[in-house]
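Listed in order, the protein sequences are those of chains A and R.
FYI, the numbering for the first sequence is 6 to 234, going by my numbering.
FYI, the numbering for the second sequence is 6 to 234, going by my numbering.
Note sheet for the following structure.
Protein chains: 2
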Amino acid sequence: MVNSIKPISSKSMAEQVEQHLREYFTRESFKPGDALPTELELAASLGVSRNVVREALSRFKMLGIIETKKKTGMVISNPDIVGTLEKVLAPEIMDESTLQDLFELRLVLEMGIADLLYIRKTPEDLDELEEIAAREVKGSNFRINTEIAFHGKLYEMTGNETLKRFQTLLLPVFGYVVKLENKKYIAGKVTHQGLVKLLRKGTPKDFKEGMLSHLQPHFDRLNPPKKRG
Amino acid sequence: MVNSIKPISSKSMAEQVEQHLREYFTRESFKPGDALPTELELAASLGVSRNVVREALSRFKMLGIIETKKKTGMVISNPDIVGTLEKVLAPEIMDESTLQDLFELRLVLEMGIADLLYIRKTPEDLDELEEIAAREVKGSNFRINTEIAFHGKLYEMTGNETLKRFQTLLLPVFGYVVKLENKKYIAGKVTHQGLVKLLRKGTPKDFKEGMLSHLQPHFDRLNPPKKRG
DNA sequence: TTAGTAGTTATGTTCTACATAATAAATGTA
DNA sequence: TACATTTATTATGTAGAACATAACTACTAA
Numbered sequence: 006m007v008n009s010i011k012p013i014s015s016k017s018m019a020e021q022v023e024q025h026l027r028e029y030f031t032r033e034s035f036k037p038g039d040a041l042p043t044e045l046e047l048a049a050s051l052g053v054s055r056n057v058v059r060e061a062l063s064r065f066k067m068l069g070i071i072e073t074k075k076k077t078g079m080v081i082s083n084p085d086i087v088g089t090l091e092k093v094l095a096p097e098i099m100d101e102s103t104l105q106d107l108f109e110l111r112l113v114l115e116m117g118i119a120d121l122l123y124i125r126k127t128p129e130d131l132d133e134l135e136e137i138a139a140r141e142v143k144g145s146n147f148r149i150n151t152e153i154a155f156h157g158k159l160y161e162m163t164g165n166e167t168l169k170r171f172q173t174l175l176l177p178v179f180g181y182v183v184k185l186e187n188k189k190y191i192a193g194k195v196t197h198q199g200l201v202k203l204l205r206k207g208t209p210k211d212f213k214e215g216m217l218s219h220l221q222p223h224f225d226r227l228n229p230p231k232k233r234g
Numbered sequence: 006m007v008n009s010i011k012p013i014s015s016k017s018m019a020e021q022v023e024q025h026l027r028e029y030f031t032r033e034s035f036k037p038g039d040a041l042p043t044e045l046e047l048a049a050s051l052g053v054s055r056n057v058v059r060e061a062l063s064r065f066k067m068l069g070i071i072e073t074k075k076k077t078g079m080v081i082s083n084p085d086i087v088g089t090l091e092k093v094l095a096p097e098i099m100d101e102s103t104l105q106d107l108f109e110l111r112l113v114l115e116m117g118i119a120d121l122l123y124i125r126k127t128p129e130d131l132d133e134l135e136e137i138a139a140r141e142v143k144g145s146n147f148r149i150n151t152e153i154a155f156h157g158k159l160y161e162m163t164g165n166e167t168l169k170r171f172q173t174l175l176l177p178v179f180g181y182v183v184k185l186e187n188k189k190y191i192a193g194k195v196t197h198q199g200l201v202k203l204l205r206k207g208t209p210k211d212f213k214e215g216m217l218s219h220l221q222p223h224f225d226r227l228n229p230p231k232k233r234g
């Protein structure tokens, strides 16, 4: 191969500008609230049209990394990571292996929140959780809804807002995979009410065991080691 | 209040177009590979300039939801969710509560991967992991590096590429928080070598206990229930 | 039949112009 | 002097035209 031939960046100007700006932000260690140069200044510095700069800036605006006010100009701000994630998590257009990964990721979260739960749970939380679990026994029409309510409350109890929002995002994916594989919502041996009891009177270890038992049907479906594509 | 006065969308045209397009995609149930209308057609349909449409499209291109080739036009494609996440995960500009949340999220992941590990682990994996753990005892200069290598291998062993990449993204956040709170990298009672042994000969339950013990110093630092901001 | 050429089309990029909102400066009046 | 009002000024927001460029299509000529 000829070495002097460059792979032709092929990247659009907007993409390159995005990259340059990102480097610029970290290099100058911009913090939320810091003002940016004007669009025209950026365009001049980068040697591209204002239009291209705006396309790149538009991306940062979507991520919440940049906010703008007319005349005042642009400032760096705190991005909303879960909100951003929401914009890409569209099960219909995601490839199957990623969907499967996310399905497993949710199982990992479910199994992993135990210790956090024991640190953060309050008596009021437990009462509410118990009520949710009790409700489902009566009007047991929509198993999925009660699932969502119960597990959602669990995440809420962790006091971790990001985690809570994250799991909410994963719900559609979870449902999508379950439907895709034609799985039934098979209940594990330990019910929601059982979990509440464990959470109230048992140790973290007990609860972990209970949760595993509750999710066992899902784990049973997972693929063995074989190096996956 | 006067009702006929609209709240003035205040959203930029680009943002509105982004939203419209997103709805359009799902409504028409676009799938990867499906071709989109041309920029000019979109602009005409939406009643905005091509410029605005391009700013919105640029956002989708960043997310990997849209790919383009000249002349051929634009097609829907599989977004790369971890790659997208990477673009917003900049510890320096994230607010502290989110950083704390992500710190906890990583702990949740560490505690939650046990069952997945036992499903997917292979003898070769265990050998490699043991080697990593052994290496650190000798040249124990960079504790952080060995931490990364060991735990990184654990995620790799889950066979879940998304999970693995996700945790890699969380590493800088983890390190940032540790530094921020002036924590030391205090080692838990169970060492890496201890974890390997458990993983080899113990039950999932044993391993979970071991991992908790390994991470205990971090858990000890977590805040009590108090409703956080 | 096939190699090559010209034409067509959709994206990529630039430039100009003007609208709009928010700030700063200037002005006028009590 | 103090304060209210008006008038620039400036940076972002939007529109439109123009041309470059790559890739596909169809036609032409040997």
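Yeah, the Cβ is synthetic: ideal placement off N, Cα and C, and Gly gets one too.
These figures come from a predicted structure and were not determined experimentally.
Item: Inter-residue spacing [alpha-carbon to alpha-carbon] between Leu110(R) and Glu46(R); Value: 44 Å
Item: Buried or exposed by the 16-neighbour rule on C-beta atoms within 10 Å, applied to Arg59(A); Value: buried
Item: Start-to-end residues for the alpha helix (DSSP H) that takes in Lys206(A); Value: His197 to Lys206
Item: Own chain residues within Cβ distance below 7 Å of Met216(R), not counting five before or after; Value: Glu115, Met116, Ala119 and Leu200
Item: Selected residue, minimal CA-CA separation from Gly88(A), among Met79(A), Met67(A) and Pro96(A); Value: Met67(A)
Item: DSSP three-state assignment for Gly78(A), whether helix, strand or coil; Value: strand
Item: Glu46(R) - DSSP class collapsed to helix/strand/coil; Value: helix
Item: 7 Å Cβ cut-off: residues of chain R touching Lys92(A); Value: Leu68
Item: Where the alpha helix (DSSP H) through Glu33(A) begins and ends; Value: Where Glu33(A) is concerned, there is no enclosing alpha helix (DSSP H), given that its DSSP letter is neither H nor E.
Item: Contact list for Asp120(A) against chain R, beta-carbon separation under 7 Å; Value: Met116, Leu217 and Phe224
Item: For Thr151(A), the first and last residue of its enclosing alpha helix (DSSP H); Value: Arg148 to Met162
Item: Heavy atom of the ligand HEM within 6 Å of Tyr160(A) beta-carbon; Value: As for the ligand HEM, it is missing from this structure, which has no ligand bound.
Item: Rounded C-alpha distance that separates Lys126(R) from Ala139(R); Value: 19 Å
Item: For Ile70(A) and Val93(R), believed in contact at Cβ under 8 Å, the rounded distance; Value: 7 Å
Item: Interface flag, Leu110(A) vs chain R, CB-CB below 7 Å; Value: yes
Item: Residue(s) in a DSSP beta bridge with Ala40(R); Value: Val80(R)
Item: Rounded separation between Arg148(R) and Asn187(A) - CA only; Value: 46 Å
Item: Coil, strand or helix - Glu186(A) by DSSP; Value: coil
Item: Spatial neighbours of Thr209(A) in its chain, beta-carbon cut-off 7 Å, leaving aside the 5 residues before and after; Value: The sequence shown places Pro at residue 209(A), not Thr. Closer than 7 Å at Cβ, skipping near neighbours: Ala119, Asp120 and Tyr123.
Item: Contact residues within the region 67-86 of chain A, judged by C-beta distance below 9 Å to chain R; Value: Met67, Leu68, Gly69, Ile70, Thr73, Ile81, Ser82, Asn83, Pro84, Asp85 and Ile86
Item: C-alpha gap between Tyr160(R) and Gly193(A), whole angstroms; Value: 26 Å
Item: Phe212(R) and Leu220(R) closer than 7 Å at C-beta; Value: no
Item: Assigned secondary structure, Pro12(A) (DSSP; H/G/I helix, E/B strand, else coil); Value: Note that Pro12(A) scores 44 on pLDDT, short of 50, meaning its location in the model is unreliable; the coordinates nonetheless yield the value given after this. The answer is coil: DSSP assigns Pro12(A) none of H, G, I, E or B.
Item: Rounded separation between Ala246(R) and Arg64(A) - CA only; Value: Missing from the structure shown is residue 246(R); chain R here goes from 6 to 234 and no further.
Item: Cα-Cα separation, Met6(A) to Lys75(R); Value: Note that Met6(A) has pLDDT 37, beneath the 50 cutoff, so the model's placement of it is unreliable and the number below is only indicative. Cα to Cα, Met6(A) sits roughly 26 Å from Lys75(R).
Item: Any C-beta of chain R under 7 Å from that of Leu131(A); Value: no
Item: For Leu104(R), the nearest candidate out of Leu185(R), Gln21(R), Asn56(R) and Ala19(R) (CA to CA); Value: Leu185(R)
Item: Contacts of Leu168(A) in chain R (Cβ-Cβ under 8 Å); Value: Asp106, Glu109, Leu110 and Val113
Item: Span of the alpha helix (DSSP H), counted from its first residue to its last, around Met216(R); Value: Pro209 to Arg226
Item: Distance between beta carbons of Ile98(R) and Pro177(A), contact taken as under 8 Å; Value: Not confirmed; about 29 Å, so no contact.
Item: Contact set between Arg64(A) and chain R, taken where Cβ atoms lie within less than 7 Å; Value: Ser63, Arg64 and Met67
Item: Alpha-carbon to alpha-carbon, Asp132(A) and Arg233(A); Value: Confidence is the limiting factor: at Arg233(A) the pLDDT is only 46, short of 50, which leaves the residue's position unreliable, though a coordinate-based value still follows. Cα-Cα distance, rounded: 43 Å.
Item: Ile13(A) at chain R interface by Cβ criterion, 7 Å; Value: Below a pLDDT of 50, predicted positions are generally treated as unreliable, and Ile13(A), at 46, falls in that range; the measurement from the model is reported next regardless. Judged by the 7 Å Cβ criterion, Ile13(A) is not in contact with chain R.
Item: Pairwise C-alpha distance: Phe30(R) and Asn228(R); Value: 43 Å
Item: Distance CB(Met18(R))-CB(Val80(R)) smaller than 7 Å; Value: no
Item: Contacts that Arg32(R) makes with chain A (C-beta to C-beta distance below 9 Å); Value: Per Cβ cutoff of 9 Å: no residues; Arg32(R) is ~11 Å from chain A at best.
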